[in-house]
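Residue numbers (the working numbering), protein chains in the order written: chain A, 1 to 725; chain B, 1001 to 1317.
Every residue gets a Cβ at the ideal spot worked out from N, C-alpha and C, and that includes glycine.
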Amino acid sequence: MKNPEISKLDIKFDQFSYDNAIVRKFVIACVVFGIVGMLVGLIAALQLVFPALNFGIEYTTFGRIRPLHTNAVIFAFVGNGIFAGVYYSLQRLVKARMFNDTLSNIHFWGWQLIILAAAISLPLGFTTGKEYAELEWPIDIAIALIWVVFGWNMFGTILKRRERHLYVAVWFYIATFVTVAVLHIVNSFELPVSFMKSYSWYAGVQDALVQWWYGHNAVAFFLTTPYLGLMYYFVPKAANRPVYSYRLSIIHFWALIFLYIWAGPHHLLYSALPDWAQSLGTVFSIMLIAPSWGGMLNGLLTLRGVWDRVREDPVLKFMVVAITAYGMSTFEGPMLSLKNFNAITHFTDWTIAHVHVGGLGWNGFLTFGMLYWMVPKLYGNKLHSRGLANFHFWIGTMGILFYVLPMWWAGFTQSLMWKEFTAEGMLAYPNFLETVTQLKPLYAMRAFGGALYLTGVIVMVYNLVKTAQAGKFISEEKATAPALNNIFEKPMNEFWHRTIERRPVQLLLLSLVMILIGGLVEMVPTFLVKSNVPSIASVMPYTPLELQGRDVYIQEGCYNCHSQMIRPFRSETERYGEYSKAGEFVYDHPFQWGSKRTGPDLHRVGGKYPDSWHYSHMLDPESMSPNSIMPPYPWLFEKDIDKASTPTKIAAMRTLGVPYDEDFPEKSIADLEAQAEKIAANLKEQGYEVSSDRQIVALIAYLQRLGTDIKGEKATTEEGTTASN
Amino acid sequence: MKNIFKKLFSKSMVSLVLVWLADEAVTSAQTGESALEEMASNDTFLWMILVLEGLLITIGLILIVVILKMNHILFGQAVAEAEEAVAAPGIFAEWWQKLTDIVPVDKEEEVMTDHEYDGIIELDNNLPPWWKMLFNASIVFAAVYIGYYHFSDAGPSSQEEYIAEMRQAEAEVSAYMAQRANAVDELNVVTVEEEAALAEGKKIFDANCAACHGREGQGGVGPNVTDNYWIHGGDIKDVFKTIKYGVPAKGMIPWKSQLSPSQMQKVASYILTLVGTDPANPKEPQGEYYAPAGKEEPTNISDNESEANKQNLSLRQ
């Protein structure tokens, strides 16, 4: 069909070119960081089978490299993939060169510097302790700035477009930009205490709500909406088929962005989050099935009539599996949001299986499909080897299966073991470790699956490099398009939505309103209505030593394997103790509830074991728990507590509303030393000589404090930390 | 304690039972793990497992369909024919048409819009009716769910669910305990001497106690249990009591929720056999001297056990 404007006689054709150089840069970054991120993931997976694989180095322990893996694959691999795809497709969809080459380059190099900073700071233990938002405050600011550069450049391009209407892919790009900005800024509200250390502005239940509003929508607006945009461009291009349904695009776009933002609380089912918020998380997740599947349908049905080409074309094969994986995980997700299912699957490897269907299947395979299609275009030639691409497809698919099936099974097995009781009313597997060692073969299979997948990616890189070598890079791709004149006559019987498609700024504002509603409805009452977090009189702020110990806990990434959230189930209260109450976390900046139990919950570990048990356990976990897969932490016995930071930290906590006395910051070092001396003396009595300056002492103080506040009279801070004879 | 959803789901899942049974055979063979059967005694749990299995199977089926489709595409003839076959008249095709409201590929000019972006054109097929039904159903579900849990008295809160679960468990356990005569406690416990019972006691000790008290009972984090000095008494009843209730202030955890009374009896008896063994690297004596008493009257543990097992079985049925 012809654009009606073209038929006018006074058409002026513009000559311009597309910037492919920036696309190539992002493509290279995408595959390089993809391999790095997946390799780190593989190492982390292997550590669960062979704990010795951290080589006894603090920088490579699971608690530090798991965030490195998640950040690398989400923000470096997928992030650069998004930018490569957006910079390629946006220019062509709006018939304009990128707004400003300098901005493009600032965006590219800025983003890579952020990744570099993450790759250095995370292994060093600089972390905020909030999942997928671990990067510390200076990097957070850099992310916000670079993201604005991206948005500015994108909007500049859109505003000088030669295409009057915006295609659905661009709607998704706009919604992505505005929502990620909101999510990142709100969740990163933190109070700096030093160059690379900050405390979350929010505490406990509120922090958890904000974090999972962010965490869930990082999945929605970083891993989903931009990729749907890419799907809407690359699938019809690669298949050379019309998009199935325009009206489906409209309804699924608006429904998706409006509903997605509400679903965060499904990560907190049966937690201390108020029930009403949990229920909102559940029902909005269920309502998301259809809008999500709208995207899947539009993708798959665009391939109608060319299924025979799917047989030959690896690009289409990757895309078909990617879209199918999207459909599967957007069905599985809502099911896992039902409370009854969640009670079984949460905290287990089922969650890991679920995210990897999305990550490996949807994001990974769509990226590969896109690269196999786009790179030859950038070099003006054909793909080096179709056979190798097919090999990549099959080994990648096998990789996904070998990854996901064992993890499903592991989650299922472990959950049943956690919940099983004997007729006498006792836990059938009282020793948590037993439920972990059972999973080792499954963990090994998962690592094998990951290795297969990574092998495929390496084959792809070889294939793409060969393709590039054989071709000649087209840095500036010439294009011609009619200039957009200012006179526009609205056609008769125009579909109402076309009006919005002509107005990018309004589209952005409308998207912003849509995504703000859900967040506001959930957050405002949780922050303002007192009854949502009933206060508990006996809950006291942490002592300076405990606070330092908590920072050690965060620095080592303990939350990656240990939760601090006992759910109201018999199987959990029998195993761990009284279930967790909202009022217990009011001084937790940030919250440390965790999302996965590779090790047991720690919320009530305080006072459960003697100090000497923790001492021996942290030095060599196997001495206290034979066959444990937890790594030893010998450096905590050598490194000193950063005592000098204590007054600043206490003062920062006061700013955040923790009720320490006004003169407490200056007294805090003395308080810390006194408590540390007590613990060291107690350890000495039990036969363990350690200087009271060491980090292990602070960590023991924190662990012994955990969950003891509501144990009644006995649970004052003093006794909680120095329980001894 | 069952809510509407469990009922709803369980009904729709009845048809999956047969598939599940087959699946279970495979799975238990895979891991050799009996947790599944054990859990089956619990009704609510059974249903949940069924639903989960249903979910797994659904996803599995989708996977298989996709793989078959791929396989077909890869190795079979052109699928375009198959797609046309769908359009051929017949009940299935009619239904298919009703559910999808799809315009066939050869007539797609009829629903083509005048949109064109970088060569991409858009059709404007109607929203698939099945998809609209799904969307509407999910909205109805949401309204019913919120109404049930937050605007009626019927839906339990998380806390109410917990209380009900604990109550039910308590009733089940006390019913079981009532049937069990002569349950061992700290007032009537006696030392057992059968080799098998002591061997089991050793196993329990190695798994749970050795970490703190040493593999040979020589002590470590916890006190030495091979000498004649005891902090909380060295009689079988004292040792049993210390194990059962623990000494939380000193880090000895209560084991009553992890070990059964007869297990605690066995491990206590085993510990007393360690007295006087004089292992290497003993921890210094703590507590008061406790003169080794004369042999306690041994009890016939195996009788107790088989009795318990019988009751255990009868309870399961």
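Quick check: is the beta carbon of residue i nearer than 8 Å to any beta carbon in chain A?
{"i": "S1158 (chain B)", "result": "yes"}
{"i": "I1236 (chain B)", "result": "no"}
{"i": "S1152 (chain B)", "result": "no"}
{"i": "G1251 (chain B)", "result": "yes"}
{"i": "H1115 (chain B)", "result": "yes"}
{"i": "D1227 (chain B)", "result": "no"}
{"i": "S1028 (chain B)", "result": "Note on S1028 (chain B): pLDDT 41, under 50, position unreliable in the model; no value is reported."}
{"i": "V1173 (chain B)", "result": "yes"}
{"i": "E1122 (chain B)", "result": "yes"}
{"i": "S1257 (chain B)", "result": "yes"}
{"i": "F1205 (chain B)", "result": "no"}
{"i": "M1166 (chain B)", "result": "yes"}
{"i": "I1059 (chain B)", "result": "yes"}
Closer than 8 Å by C-beta to residue i: which residues in its own chain qualify, once you throw out the five before and the five after it? Chain order, please.
{"i": "L452 (chain A)", "result": "I395, G396, M398, G399 and F402"}
Take residue i and list the residues in its own chain whose beta-carbon comes closer than 7 Å to its own, dropping the five residues that flank it on each side.
{"i": "M1112 (chain B)", "result": "I1121 and L1123"}
{"i": "G1222 (chain B)", "result": "C1212, H1213 and M1252"}
{"i": "N1300 (chain B)", "result": "Confidence at N1300 (chain B) is low in this model, with a pLDDT of 46, below 50, so its placement is unreliable and the value that follows should be read with caution. Answer for N1300 (chain B): no residue qualifies."}
{"i": "M624 (chain A)", "result": "W613, S616 and H617"}
{"i": "Y88 (chain A)", "result": "V23 and M374"}
{"i": "W593 (chain A)", "result": "A208, S271, S563, Q564 and M565"}
Looking at chain B, is there any beta carbon in it that lies within less than 8 Å of the beta carbon of residue i?
{"i": "M613 (chain A)", "result": "In the sequence as presented, Met is not what sits at residue 613 (chain A); that position holds Trp. So, interface residue."}
{"i": "Q15 (chain A)", "result": "no"}
{"i": "N20 (chain A)", "result": "no"}
{"i": "T708 (chain A)", "result": "no"}
{"i": "T717 (chain A)", "result": "Caution is warranted here: a pLDDT of 34 is assigned to T717 (chain A), below 50, making its placement in the model unreliable, and no coordinate value can be reported."}
{"i": "I629 (chain A)", "result": "no"}
{"i": "Y270 (chain A)", "result": "yes"}
{"i": "N217 (chain A)", "result": "no"}
{"i": "M653 (chain A)", "result": "no"}
{"i": "M328 (chain A)", "result": "yes"}
{"i": "E522 (chain A)", "result": "no"}
{"i": "T282 (chain A)", "result": "yes"}
{"i": "R247 (chain A)", "result": "yes"}
{"i": "E685 (chain A)", "result": "no"}
{"i": "I158 (chain A)", "result": "no"}
{"i": "W276 (chain A)", "result": "yes"}
{"i": "F569 (chain A)", "result": "yes"}
{"i": "H69 (chain A)", "result": "no"}
{"i": "I251 (chain A)", "result": "yes"}
What residues in its chain sit with their C-beta under 6 Å from that of residue i, if we drop five residues either side in the sequence?
{"i": "R597 (chain A)", "result": "F347 and S563"}
{"i": "K130 (chain A)", "result": "Q211 and P590"}
{"i": "V315 (chain A)", "result": "A238, G369, Y372 and W373"}
{"i": "I352 (chain A)", "result": "M407"}
{"i": "G1217 (chain B)", "result": "V1225, T1226 and L1274"}
For the ligand COA, I want to know if residue i counts as a neighbour, meaning its beta carbon is within less than 7 Å of at least one of the ligand's heavy atoms.
{"i": "L1099 (chain B)", "result": "The ligand COA is not part of the structure shown, which contains no ligands of any sort."}
Just list the residues that DSSP pairs residue i with in beta bridges.
{"i": "D14 (chain A)", "result": "A:A481"}
{"i": "M1112 (chain B)", "result": "B:L1123"}
{"i": "S245 (chain A)", "result": "B:D1124"}
{"i": "W1230 (chain B)", "result": "B:E1288"}
{"i": "M1252 (chain B)", "result": "B:V1247"}
{"i": "D1118 (chain B)", "result": "Answer is none; D1118 (chain B) lacks a bridge partner."}
{"i": "E476 (chain A)", "result": "A:D19"}
My understanding is that residue i touches residue j, with C-beta atoms under 8 Å, so please give their C-beta distance in whole angstroms.
{"i": "F221 (chain A)", "j": "L183 (chain A)", "result": "7 Å"}
{"i": "W152 (chain A)", "j": "L103 (chain A)", "result": "6 Å"}
{"i": "T708 (chain A)", "j": "G607 (chain A)", "result": "5 Å"}
{"i": "T302 (chain A)", "j": "V235 (chain A)", "result": "5 Å"}
Below 8 Å, can you find three or more Cβ-Cβ pairs linking the segment 118-134 of chain A to the segment 96-104 of chain A? no
Three or more beta-carbon pairs under 8 Å between the segment 560-574 of chain A and the segment 594-611 of chain A, yes or no? yes
Three-pair Cβ contact test at 8 Å for the segment 269-276 of chain A versus the segment 569-589 of chain A: yes
Flag this pair as touching only if the segment 352-367 of chain A and the segment 316-329 of chain A have three or more C-beta atom pairs under 8 Å; answer yes or no. yes
Looking at C-beta atoms only, is the number of pairs between the segment 1227-1234 of chain B and the segment 1159-1169 of chain B that lie closer than 8 Å three or more? no
Is it a yes or a no for the segment 503-518 of chain A touching the segment 126-146 of chain A, going by three-plus beta-carbon pairs under 8 Å? no
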